[in-house]
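These protein sequence lines map, in sequence, to chains B and E. Take the first sequence: its position 110, counting from 1, is numbered 110 in the numbering used here, and each next residue is one higher. Each number in the numbering used here corresponds to the 1-based position in the second sequence with 1000 added. We put the beta carbon where it would ideally sit given N, CA and C, even for glycine. Input: a single structure, listed below in structure tokens.
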Amino acid sequence: MKLVSAIITVIIISAILENFLPWWTIAPVAFIVSYLFKLKWYQAFLAGFLGLFILWAGMSFFIDHSNEHILSDKVSVLFFKSVKPMALIIMTGVIGGLVAGFGGLAGSFLVKK
Amino acid sequence: MRFLGFILSSAITIALIWVLNHPLAPAPALGKFFDPYNGFWQNAESTKHFKDMDLHIEGLRDKVEVYFDDRLVPHVYAKNNEDLLFMQGYITARNRLWQMEIQTQNAAGRICEVAGEKALKADRLSRRIGLAFGAENSKAFIEKDAESNDLIRAYCAGVNAYIKTLKPKDYPLEYKLLGYAPEEWTPLKVALLLKNMANMLSVYEFDIENTNFVSKFGEDQFHYFYPERDSFSDYIIPKGTKWAFGPDSALNVKTEAAPKGEKISNLDHDWGEESYDRTIEKPKELNGSNNWAVSGSKTRSGKPLLCNDPHLQLNLPSIWYEMHLVSPSMNVYGATLPGAPCVISGFNDSIAWGVTNGGRDVRDWFKITFKDDSHDEYLVDGKWEKIQRRIEHIKIKGGTEFLDTVLYTRYGPIVFDRSFGDVKSKQYLAMKWTAHQGSNEFKTFYLLNQGKNYDNYIDALTNYSCPSQNFVFACRNGDIAIKEQGNMPLTKMFVTDGSRSENDWNKVIPIANNPSVKNPERGFVSSANQFPVDETYPYPVTHVGIYEDSRAMRINRLLEASDKMDAAYMMKMQSDNYNVIASLMLPTMLRVIDRSKLKGEELDALKALDKWDYNDNKDSKATVYYEAWNDELKDMLWDEMSDPSLPMRRPNAFRTAYFLKEDSTSAFYDNLQTGEKETREMIVLESFDKAMNKLKQQYGTLAGIKDWGTHKATMVHHLSPALDAFSRMNVYCGGNRGIINATSHEHGPSWRMIVDFGDMKAYCLYPGGQSGNPGSKFYDNMIDKWANGEYYEAKFGPKEQMGKDKLFKLTADK
Chain B
1 MKLVSAIITV
11 IIISAILENF
21 LPWWTIAPVA
31 FIVSYLFKLK
41 WYQAFLAGFL
51 GLFILWAGMS
61 FFIDHSNEHI
71 LSDKVSVLFF
81 KSVKPMALII
91 MTGVIGGLVA
101 GFGGLAGSFL
111 VKK
Chain E
1001 MRFLGFILSS
1011 AITIALIWVL
1021 NHPLAPAPAL
1031 GKFFDPYNGF
1041 WQNAESTKHF
1051 KDMDLHIEGL
1061 RDKVEVYFDD
1071 RLVPHVYAKN
1081 NEDLLFMQGY
1091 ITARNRLWQM
1101 EIQTQNAAGR
1111 ICEVAGEKAL
1121 KADRLSRRIG
1131 LAFGAENSKA
1141 FIEKDAESND
1151 LIRAYCAGVN
1161 AYIKTLKPKD
1171 YPLEYKLLGY
1181 APEEWTPLKV
1191 ALLLKNMANM
1201 LSVYEFDIEN
1211 TNFVSKFGED
1221 QFHYFYPERD
1231 SFSDYIIPKG
1241 TKWAFGPDSA
1251 LNVKTEAAPK
1261 GEKISNLDHD
1271 WGEESYDRTI
1281 EKPKELNGSN
1291 NWAVSGSKTR
1301 SGKPLLCNDP
1311 HLQLNLPSIW
1321 YEMHLVSPSM
1331 NVYGATLPGA
1341 PCVISGFNDS
1351 IAWGVTNGGR
1361 DVRDWFKITF
1371 KDDSHDEYLV
1381 DGKWEKIQRR
1391 IEHIKIKGGT
1401 EFLDTVLYTR
1411 YGPIVFDRSF
1421 GDVKSKQYLA
1431 MKWTAHQGSN
1441 EFKTFYLLNQ
1451 GKNYDNYIDA
1461 LTNYSCPSQN
1471 FVFACRNGDI
1481 AIKEQGNMPL
1491 TKMFVTDGSR
1501 SENDWNKVIP
1511 IANNPSVKNP
1521 ERGFVSSANQ
1531 FPVDETYPYP
1541 VTHVGIYEDS
1551 RAMRINRLLE
1561 ASDKMDAAYM
1571 MKMQSDNYNV
1581 IASLMLPTML
1591 RVIDRSKLKG
1601 EELDALKALD
1611 KWDYNDNKDS
1621 KATVYYEAWN
1631 DELKDMLWDE
1641 MSDPSLPMRR
1651 PNAFRTAYFL
1661 KEDSTSAFYD
1671 NLQTGEKETR
1681 EMIVLESFDK
1691 AMNKLKQQYG
1701 TLAGIKDWGT
1711 HKATMVHHLS
1721 PALDAFSRMN
1731 VYCGGNRGII
1741 NATSHEHGPS
1751 WRMIVDFGDM
1761 KAYCLYPGGQ
1771 SGNPGSKFYD
1781 NMIDKWANGE
1791 YYEAKFGPKE
1801 QMGKDKLFKL
1811 TADK
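Written out as structure tokens, the structure is:
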């Protein structure tokens, strides 16, 4: 339950702060959430990773849907040499997830036992 | 243990962020780029939801309303012309900012700032041919005209007002990919855009190639292969038109001195025994165009029709941006050049006009004699003159700077020297080019945009200088006209001795006396880059002679053929695929080829050509055989002129067809690569074999080849060669160069326009889309209709009609 609340908190705070702050703000967000929620190290990584994966992949999925894949078709050709919009969405989620995951992991090591 | 974990995971996090925040060339910074809140996803526009906008924009004087129609064409309604052009800048930037900037960076030799050192050679060349130098001269020239200056500044202020609204997440996609930011728009950039156009359209001269040819093959062969004009030609100004002016005594050019027959009349030739091992690269494919206007006597409605289709490199974002601009003194519609104010090819409620390239030689090369190796002084009329040194600062992405010193003579820059282009000793050539001179083309278009009649049109053209264009004109009152306008010095066809000032451009054709005709008896005017005038024109014409008369002949025959023309007839004409050159070449090729040496598939291919109707239609297979054969034949025929260390040019397609038909024994038939001495019959057969073999290699069998549209595979390239993922490949359409529908592999009609004064309707489109954003559905949405020869009707109405099928409305006020 704690993990789910942590994930939701990561998503909400990141979504708000991303509007004003640079993209890597997602790392300190996951860091602080994992510290405040006193998460175990694997929970902390998951909270950051899943939170940002859901946020970034979800956000890009909705944008892509309303764009009817016009841009994702082209950008996926640029990165993968073939039309793969879904791969682009997953890559978006993984990039955000990894950064926030490690951010969260670092935060968990500050929790006093 | 926990401490170690903390250090390690923090380090990984920071390293990840660092890596993802820095560009990994050629990839962008992945974190920034993929972040859906700020990166490329923000450029993926919704295909369905469009919202009206109310904006406050500093710099406007009054309220401006902009309706975007269902193709994203903006219809701008302003209360004065400053606001109108301000908003033109704002709206154009909204759709085309990256393109505007990259085109001026290209002209200014600033691509290194974006693409890094790999662009250094191209940047140095742009600077060494003096495009920025010319733009600075134009800017200074325009500043002397207060009205032009104010209006251009209003346009720039509009562009900058838009740039100011941008946060990094709003930047066009290409900025995000290449990792830079838009910069301020300035009047210098407007001038640079026109110089960029000049660099596309007024670079056709072959002084070095001609000099090499004469030194290798002699003067007689030169006259034979590059005749000044062909007698069968359909000149732009109909034969026999009377000139309103006589020989010009001030220019000391007499009628008797005008070119006659086969003599190189323009000017003395002191080419001596010289030859040159390098020349400046010319555009790969020739930028030609068609335009024509038909008088009411030949139309169904009794009112004039006007058509234009300029042929250029096909690019995305497109070179053109369609707009409708309305103020109390203006109601104009047509193709604009993103980054420069006004409509370039278009119409208003009274007049219509269109442009084709003039094709005059407006560039000369002067041989420079230096005093010594310091290159400080050079010889003119027995005296030493000082060289001016212009230092070009080329900034390179990453922070370094490359300094390039360019030597300027009284003629212009020395493009190639010891530091650039590896020049043989004592072969320094200075370039003189009309594009170096200051001029105010903006004023021509500004006046045309508001023009009401023929006098306004002629008056507008007096401001026009470079690149020389044939301006076709039609007026609602029934007048039609055409005028070739530009600054036309009496240039030379060969490299000239720069040590004698008498060789300089001391003579320029008075701008009023450039070739023109109004309401000719035949009931139409037209141009398609052919030779402009017959022998009675009292000035020498240095025309580069590379343009083919083929399109002009076909256009004129079609215009002669009907007295009841309408817009539908014009549409068919603009998509006409009749290959005049093939109709001249192929009969000879088929006559002389030795059929007894062919069998099976080859013979079948030949039989298909026997039956071919000379149309480069998309579904034709015979066209593929012909085009392949023709390419090989020309390569074999003109191999004498393809020595890279002695640049020469090939005779044009007409001369080639004439030569092949009439001259059965020339030494030029010999293939220099073989010991054997080839004849005409032999190379016709050999080229056929070679072409068919190439097709077999590609398709397996000759019967299995794809049709012309598929084989030609027309493509529309994104402006950045690195971003081919944003190009549009394999556009299925007919046509080829030398044909009215001049659509070749990556080149073709960049804007098609038909204006019918009968019902005041216009039909137009271009191979692209209004949005420059690859993430917009309006990025390339017009290409398919364009390929099929279809059109959109321009929505040319008052504000009240625009609300109906608008996509959205933008209202702006101070």
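In this structure, DSSP gives residue 1070 of chain E a state outside helix and strand, which the three-state scheme calls coil. Going by DSSP, residue 1405 of chain E is part of no alpha helix (DSSP H) but of the beta strand (DSSP E) stretching over 1401-1408. In the same chain as residue 1672 of chain E, and ignoring 5 residues on each side of it, the C-beta atoms closer than 8 Å to its own belong to 1639 and 1640, in chain order. The Cβ of residue 1013 of chain E sits closer than 8 Å to at least one Cβ of chain B. With respect to the 8 Å criterion, residue 7 of chain B and residue 50 of chain B are classified as neighbours on the basis of their beta carbons. DSSP places residue 1757 of chain E outside both helix and strand once states are collapsed to three, so it counts as coil. At the C-beta level, residue 1513 of chain E and residue 1141 of chain E stay beyond 8 Å of one another.
Here DSSP, grouped into helix, strand and coil, assigns residue 1056 of chain E to strand.
Between the alpha carbons of residue 1396 of chain E and residue 1117 of chain E lies a distance of about 6 Å. Boundaries for residue 1334 of chain E: no alpha helix (DSSP H) harbours it, while the beta strand (DSSP E) harbouring it runs 1330-1336, taken from the DSSP string.
For residue 1094 of chain E, the enclosing alpha helix (DSSP H) starts and ends at 1081-1108. For residue 11 of chain B, the secondary structure class from DSSP, reduced to helix, strand or coil, is helix. Excluding residues up to 5 positions away in sequence, nothing lies with its Cβ nearer than 7 Å to the Cβ of residue 1003 of chain E in the same chain.
Nearest Cα to residue 58 of chain B within the set B/94, B/112 and B/106: B/94.
Here the alpha carbons of residue 1716 of chain E and residue 1316 of chain E stand approximately 6 Å from one another. When Cβ pairs closer than 8 Å are counted between the two stretches, the region 1626-1635 of chain E is seen to touch the region 1585-1595 of chain E, the count reaching three or more. Of the other Cβ atoms in all chains shown, fewer than 16 fall within 10 Å of the Cβ of residue 1240 of chain E; this residue is therefore exposed. In the assembly as shown, residue 1603 of chain E is an exposed residue. Its beta-carbon has fewer than 16 other beta-carbons within 10 Å. In this structure, the beta-carbon distance from residue 1470 of chain E to residue 1236 of chain E falls below 8 Å.
Taken through DSSP and simplified to helix, strand or coil, residue 1388 of chain E comes out as strand.
Of E/1442, E/1651 and E/1475, the smallest CA-CA separation from residue 1456 of chain E is found for E/1475. Below the 9 Å Cβ cutoff, chain E contributes 1013, 1014, 1016 and 1017 as neighbours of residue 27 of chain B, in chain order. Around residue 91 of chain B, the beta-carbon contacts reaching into chain E at under 9 Å are 1030 and 1034. Between the C-alpha atoms of residue 1015 of chain E and residue 71 of chain B there is a straight-line separation of about 30 Å.
The beta carbon of residue 76 of chain B sits closer than 8 Å to those of 82, 83, 84, 85, 87 and 88, all from its chain and outside the five residues before and after it, given in chain order. Residue-level contact check: residue 74 of chain B touches chain E, since one or more beta carbons of chain E fall below 8 Å from its beta carbon.
For residue 85 of chain B, the uninterrupted alpha helix (DSSP H) run begins and ends at 85-108, by DSSP. Residue range 1305-1313 is occupied by the beta strand (DSSP E) that includes residue 1310 of chain E. At a C-beta separation below 8 Å, residue 1050 of chain E has no neighbours in chain B, since its nearest C-beta there lies roughly 12 Å away.
Taken in chain order, the whole beta strand (DSSP E) runs of length 3 or more contained in the region 1496-1558 of chain E are 1516-1518 and 1524-1527. No Cβ of chain E is located within less than 8 Å of the beta carbon of residue 51 of chain B. Rounded to the nearest angstrom, the gap between the Cα atoms of residue 1133 of chain E and residue 1139 of chain E is 10 Å. Taking each of E/1529, E/1685 and E/1572 in turn and checking the Cα distance to residue 1790 of chain E, the smallest one comes out for E/1572. In terms of Cα proximity to residue 1510 of chain E, the closest of E/1246, E/1700, E/1210 and E/1412 is E/1246. For residue 1128 of chain E, the secondary structure class from DSSP, reduced to helix, strand or coil, is helix. In the DSSP secondary-structure assignment, residue 1348 of chain E is bridged to E/1332.
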